[in-house]
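Numbering-wise (the numbering used here), the sequence shown opens with residue 277 and increments by one. Virtual Cβ for every residue (Gly too), placed ideally from N, Cα, C. From a predicted model like this one, the values you see are computed outputs, not experimental measurements.
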Amino acid sequence: MPGSYLIKPVLDGSYKEISHGNGIYLYDSEGKAYIDGSSGAVTCSIGHGCKEVIEAMNEQAGKISFVYRSQFTNQPAEELADKLAAMAPEDLNWSFFVNSGSEAVETAVKIALQYWQEKGQGRKTHIISRWMSYHGITIGALSLSGHTERRRRFFSHLESSPAVSPPYCYRCPYQLSHPSCGLKCAEELQTAVDRTGKEHVAAFIAEPVIGAAGGAISPPEGYYQRIKEICNENAILFIADEVMTGAGRTGKAFAMEHWQTVPDISILGKGLSAGYSPIASVIVSDDILCTIKKGSNLIMSGHTYSANPQSAAAALAVLKVIEKENLIQHAEKIGILLMKKLQNLKEEFSMIGDVRGKGLLLGIEFVANSEISAKPFPKDYNITSLITRLAQDLGLLLYPSSAGIDGREGDAVLLAPPLNITEVEVNKLVSILHQTLKKAEEML
Ligand code: PLP
């Protein structure tokens, strides 16, 4: 759009304007339709133009759109917190609402530090995280993120660095394979704790399935069970960053359920309001809440828009749609179907090295020739952007991810369509993906 002063991601890039959306489809102002194969940034989990959510937001706007949480509470935020307490496992009962995943990660870290302070263990301040991870773009959340490309420019302002390898079986950092590896990548957490001293470690943070930084890397069986044991043995809180994986995306309400693991803090964002209005939640255990209540009785955090009634009403309506339409079970079932179709594509295209993920958070990692090795394409081939561009031209939106050890080289895309995608629509999506790969193959 010539003459616009809106700062775009690539400043001189040309971006089509989306005029409206319906279900899994987005339509640009020239009338072209796109299958939203990534739900935007793995966000629009119930598709576009959902009438129930729009009505709930309109109704709330007619009552009250803003309430300052230090002065008043509000009914949608109260109801949303109750709903999340009912959805979350065991004693994960208490929600602190913020506006984005990055803010939620920062808030979770602050709550973890405060928890140890209130217990008289204020020396426990260090947070351990993993390489090939993404926890957000603000300085604190970026400090914890093992996404080398996004860190590099801000290095001097980052407070810490990840210390632990990701559970990346396709390129195992130890060149081992599961289960004979003995889950060495999980054992690394103990090493990291020993190096720091457990009396200094407050928490470990991880994404259940690595999204933006790894192309849907899902750990092997037993990994999170072992991680939680190590956390318990060393009195360290376990923070599950479910910003991308939560609210049904992987075929469970919380992805950690796949590994029967209950963290001390769970973070939801993105799919919580499915893109209808900004909101994220930090859900903490009874123990954490009660400890702080008995101590200072005040969580030292909060934003102007925290617990915003308009956003809470949107999220509540989204969760009701997910429940009413059984979208979590649907995501699990349709995710298996999509995964099978991706595996078929892997048989056909040697540029596919790996397909992986859980439910409807799936990833494809590209390699130069999978029949020979797992060697990535040379970096200057820009395979991820080639694939996402070709797919978009053909009417399919994919999320560009990264892969390869530390994301330094390697290409991957995420497939994460709305949870209510039908079988017919999956076939259409895969057919466009097939055309995309054929085109890419001809060009390479
Ligand atoms: N955590 C995870 C796992 C994410 O995937 C993201 C965003 O992609 C974030 C945190 C940051 O969320 P936001 O972009 O809403 O700040």
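Look at H534 here: in three-state DSSP terms it is helix. For E641, the three-state secondary structure derived from DSSP is strand. In this structure, V558 has its beta carbon at no less than 8 Å from each heavy atom of the ligand PLP. With contacts defined by Cβ atoms closer than 9 Å, P365 and P443 do not form a contacting pair.
By the beta-carbon neighbour count (other beta carbons within 10 angstroms, threshold 16), M408 is buried. Counting along the chain, Y301 sits inside the beta strand (DSSP E) bounded by residues 301-304.
Look at the beta carbons and you see the stretch 474-494 not touching the stretch 663-672: under three pairs across the two are nearer than 8 Å.
Taking C-alpha positions only, G396 is separated from V597 by approximately 44 Å. Between L548 and I555, the CB-CB gap stays under 9 Å.
Cβ neighbours of S661 within its own chain (closer than 7 Å, five residues either side excluded): P676. Separation of S295 and I604 (C-alpha to C-alpha, rounded to the nearest whole angstrom) is 29 Å. For V631, the secondary structure class from DSSP, reduced to helix, strand or coil, is strand. Contact annotation: the stretch 323-342 touches the stretch 585-593, with at least three C-beta pairs closer than 8 Å. Relative to the ligand PLP, the beta carbon of S376 is positioned inside 8 Å of a heavy atom.
With a threshold of 8 Å, the Cβ atom of D304 does not count as near the ligand PLP, since no heavy atom of the ligand is closer than that.
A distance criterion of 8 Å places the beta-carbon of G412 in contact range of the ligand PLP, judged by its closest non-hydrogen atom.
An exposed status is given to V700, since fewer than 16 other beta-carbon atoms sit within 10 Å of its beta-carbon.
Per DSSP, the unbroken beta strand (DSSP E) holding Y310 starts and ends at 309-311. At a threshold of 8 Å, K546 counts as near the ligand PLP, since its beta carbon sits closer than that to one of the ligand's heavy atoms. Here the alpha carbons of N602 and G680 stand approximately 36 Å from one another. L592: member of the alpha helix (DSSP H) spanning 585-600, first to last residue. At a Cβ-Cβ threshold of 9 Å, T521 and G491 do not count as neighbours.
Secondary structure at D367: coil, using DSSP grouped into helix, strand and coil.
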